[in-house]
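J.:
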Amino acid sequence: MTSNTKENYLKAIYSLEESGTSISLSALSRIIKVSIPTVNNMVKRLQQEGWVYYQKYKPLILTDEGRKVASQIVRRHRLAEMFLVKTMGLGWEEVHEIAEDLEHIDSKVFFDRIDEMLGFPNTDPHGMVIPDKKGNSIRHNYINFYSLDEGNTAVLRALNNESKIFLMFLNKKNIELGTKIKIERKESFDGSIIVSYKNLQNIVLTKEVCEQLLVEKIEE
Ligand SMILES: [Zn+2]
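To convert, count from 1 in the sequence shown and add 119; that's the working numbering.
1) Quick check: the Cα distance between residue 278 and residue 333, rounded to an integer number of angstroms?
2) Could you name the residues, in chain order, whose CB is less than 6 Å away from a heavy atom belonging to ligand 1?
3) With three or more beta-carbon pairs closer than 8 Å as the criterion, would you say the stretch 186-202 touches the stretch 245-253?
4) Count the other C-beta atoms from every protein chain shown that fall within 10 angstroms of the C-beta of residue 120, then say buried if there are 16 or more, exposed otherwise.
5) Residues bridged to residue 277 by DSSP?
6) Roughly how many whole angstroms lie between the Cα atoms of residue 411 and residue 216?
7) Counting only runs that start and end within the stretch 134-174, where is the alpha helix (DSSP H) found for 4 or more residues in a row?
8) For the structure I just gave you, are there three or more beta carbon pairs, one from the stretch 123-142 and one from the stretch 150-162, closer than 8 Å?
9) Which stretch, first to last residue, makes up the alpha helix (DSSP H) that contains residue 194?
10) Could you compute how far the alpha carbon of residue 203 sits from the alpha carbon of residue 272?
11) State the DSSP-derived secondary structure class of residue 266, mapped to helix, strand or coil.
12) Taking the alpha carbon of residue 304 as the reference point, which residue from 318, 283, 246, 267 has its own alpha carbon closest?
13) Please report the Cβ distance between residue 294 and residue 261, rounded to the nearest whole angstrom; I am assuming they are in contact, meaning their Cβ atoms lie under 8 Å.
14) Report, in whole angstroms, the separation of the C-beta atoms of residue 269 and residue 302, which I expect to be a contact under 8 Å.
15) So what does residue 299 bridge to, in DSSP terms?
16) For the alpha helix (DSSP H) containing residue 228, list its first residue and its last residue.
17) Buried or exposed, going by whether 16 or more other CB atoms sit within 10 Å of the CB of residue 106?
18) Which one or two residues does DSSP pair with residue 316 in a beta bridge?
19) Could you round the C-beta distance between residue 132 and residue 142 to whole angstroms and report it? I think they count as a contact, below 8 Å.
20) Looking at C-alpha atoms only, which residue of 200, 230, 226 is the closest neighbour of residue 246?
21) Taking the alpha carbon of residue 306 as the point to measure from, which residue in 299, 290, 323 has its own alpha carbon closest?
22) Inspect the beta-carbon positions of residue 283 and residue 330 and report whether they are closer than 7 Å.
Rendered as structure tokens:
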């Protein structure tokens, strides 16, 4: 459950910027699940903090200071998720909610030590980039799986969606980060894609699912 706090707004704004999506009040209202007037009020507070710049009817801009603050919240969240998977052995579908709590632990030494114990990972269990202590993060140019053509092969590198229900769906389909997926056919009727991966042939994935998969195209 995402709550109406300054930190959650910053995280949501950071992820929108990261995915190259325009940062609008309506996008925030969708992610945080609150009304537009509520978003509007909070954006004013973020603007007072100097974290965002907002002009009516224009996309929101994250300031350098805002990005720095956001990157450290995101860092704590993603390191916590990685710790829960790598060290505690939880599934990638189980960790987001717990990390929502852990990210509030106000101890730099705690997260820096987790980082070190994990060997300074670049990405979290969902393939999202973990910003470093200074807020820098490497950029990947992953593409949306849905944008590929028939005959293309790609490796799953990250997800646009870390909801439990989606991750459990991928578990059931036996799809994980690193899975090599080949597009056999694209259905023009409903946009579904027929794919093969591992030893599975002709599996149907809907357009909605394919749009959540961020991949790296490879030559076969
Ligand atoms: Zn998460």
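Beta carbons are placed, not taken as given, at the ideal position from N, Cα and C, and that holds for glycine.
T.: Put simply:
1) 5 Å
2) 196, 200, 215, 218, 281
3) yes
4) Reliability of the predicted coordinates at residue 120 is poor, the pLDDT of 46 falling under 50, and no value is obtained from them.
5) 333
6) Residue 411 is absent from the structure shown; the chain starts at 120 and stops at 339.
7) 144-151, 155-168
8) yes
9) 183-205
10) 31 Å
11) helix
12) 267
13) At roughly 15 Å, the Cβ-Cβ gap does not stay under 8 Å, so residue 294 and residue 261 are not in contact.
14) 5 Å
15) 274
16) 227-236
17) Only positions 120 to 339 of the chain appear in this structure, which leaves residue 106 out of reach.
18) 300, 319
19) 6 Å
20) 200
21) 323
22) no
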